[in-house]
Each structure stands twice: as C-alpha cells, then as structure tokens.
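Colleague: Our numbering numbers the first residue of the sequence shown as 69 and each following residue consecutively.
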Amino acid sequence: MTKIESIDGLFAKIVAVGDQEDTKYYVIQVNHGPTTYFVAKRYSEFRALYKQLCVFQRQMCESCTLCQYLPYFPKKLLFSTESSRQRRFEDLQMFLRGVLMAIQAELCESNNMCHSAQAITSFLFVNDKENQAPTMYECVQLDSIHAEAWFRSRSNT
69 MTKIESIDGL
79 FAKIVAVGDQ
89 EDTKYYVIQV
99 NHGPTTYFVA
109 KRYSEFRALY
119 KQLCVFQRQM
129 CESCTLCQYL
139 PYFPKKLLFS
149 TESSRQRRFE
159 DLQMFLRGVL
169 MAIQAELCES
179 NNMCHSAQAI
189 TSFLFVNDKE
199 NQAPTMYECV
209 QLDSIHAEAW
219 FRSRSNT
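(1) Is it the case that the segment 186 to 197 contacts the segment 107 to 123, given that we only count it when at least three CB pairs across the two stretches are under 8 Å?
(2) Taking Cβ positions, are residue 123 and residue 204 nearer each other than 9 Å?
(3) Apart from the five residues just before and just after residue 156, which ones in its own chain have a Cβ nearer than 8 Å to its Cβ?
(4) Nearest to residue 100 by alpha carbon, out of 207, 117, 168, 85?
(5) Can you find the residues in the same chain that come closer than 7 Å, C-beta to C-beta, to residue 207, ignoring five residues on each side of it along the sequence?
(6) From the DSSP output, in three-state form, read off residue 69 for me.
(7) For a test of the three-state rule: what should DSSP assign to residue 81, helix, strand or coil?
(8) Could you please give the first and the last residue of the uninterrupted beta strand (DSSP E) stretch that includes residue 96?
(9) Nearest CA to the CA of residue 80: which residue from 161, 185, 184, 183?
(10) What is the rounded straight-line gap between the Cα of residue 127 and the Cα of residue 83?
(11) Starting from residue 163 and walking both ways along the alpha helix (DSSP H), at which residues does that stretch end?
(12) Taking the beta strand (DSSP E) that residue 103 falls in, what are its first and last residues?
(13) On a CA-only basis, which of 164, 147, 97 is nearest residue 117? Give me that one, please.
(14) Quick one: what's got a C-beta closer than 6 Å to residue 159's C-beta in the same chain, skipping five residues either side?
Here it is, written out as structure tokens:
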C-alpha cells in the first residue's frame with residue numbers, strides 16, 4: 069500500500085516533534101513546487117484548523133470533497149504518556165494527509181479555491197514566505213527537537 073503525502077505539487081509531512089518549555093510543537097516539512105520549507109504547529113493550531121473545517125462542513129460546500137468527508141482528528145489528552153504522544157503524532161500525520169488528499173482538485177484552481185483549501189494552505193503558510201523557515205531548526209526556537217525516526221524508535225523501547 070502506497071502512502072500519499074503529495075497532492076498536486078503540495079507535499080506536507082510531520083517530520084519532528086519539538087519542545088519549547090512544556091509545549092510540544094509538530095514540525096511540518098512542506099514542499100510546494102520547487103520550494104521546501106518548515107513550519108512548527110502546536111496541537112491547538114491543528115485543532116483550530118479542524119474546527120474551522122468543521123464550520124465549512126456544516127455550511128456544506130457541495131463542491132468540496134473535504135467538506136463532505138472530514139478526516140478523523142485526535143482528541144485532546146488529559147494525561148500524556150509516551151504511547152499517547154506517539155499515537156497523537158501518527159493521528160495528526162494521518163489528519164494532515166487526509167485533508168491534503170481531499171483538497172487535491174481545489175489546489176489546481178488557486179484563484180477559485182474553496183474555503184477549506186484556503187484554510188489549509190494558510191495553515192501551511194503556502195503563500196506566506198515570511199513564516200517559511202529554511203530548516204526545521206529555524207521554524208521555532210525549540211529547547212529540544214526529535215526527528216520522526218527518533219520519535220518512533222523511542223516509542224518502541
């Protein structure tokens with residue numbers, strides 16, 4: 069089974085988890101055409117995107133696939149364990165992949181994107197060069213950063 073993470077010239081994948089004080093950041097690598105950059109997002113920012121997409125879903129934008137089939141979004145955690153953090157990492161990755169797959173047709177018409185596609189491209193800073201960091205270490209000042217491979221291997225120990 070092939071994993072799809074690239075949609076119409078827009079690729080996004082969570083590549084690391086970082087800490088700043090007691091806050092977790094998910095570092096997303098974004099490839100948009102020839103440009104590669106990194107953005108760091110907190111769970112609360114993913115959740116805000118999800119809530120925004122839910123509003124669009126209730127308005128039922130009939131031409132938008134995403135508005136008809138919103139992907140699963142992980143719940144807020146009361147207590148955080150190593151396995152729950154690993155699960156959230158994987159669930160957020162699946163959510164990101166799902167929304168990109170759903171808006172693939174919308175990305176073709178950049179002048180006529182539905183609200184959901186606009187929200188996702190805004191979330192990923194596609195048209196905001198000022199917030200695009202050239203490396204994962206420059207996207208936010210993190211106390212520590214753990215690459216995806218490290219994060220996955222830690223959960224298996």
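Beta carbons: idealized from backbone N, C-alpha and C, even for Gly.
Note that the coordinates shown come from a computational prediction; the quantities given were computed from them, not determined experimentally.
Modeller: In brief:
(1) Because the criterion of three Cβ pairs below 8 Å is met, the segment 107 to 123 and the segment 186 to 197 touch.
(2) Contact: no.
(3) Correct list, in chain order: 111, 142, 145.
(4) 168
(5) 95, 106, 107, 108, 201
(6) Caution is warranted here: a pLDDT of 36 is assigned to residue 69, below 50, making its placement in the model unreliable, and no coordinate value can be reported.
(7) strand
(8) 91 to 100
(9) 161
(10) 33 Å
(11) 150 to 170
(12) 103 to 109
(13) Closest by alpha carbon: 164.
(14) 142
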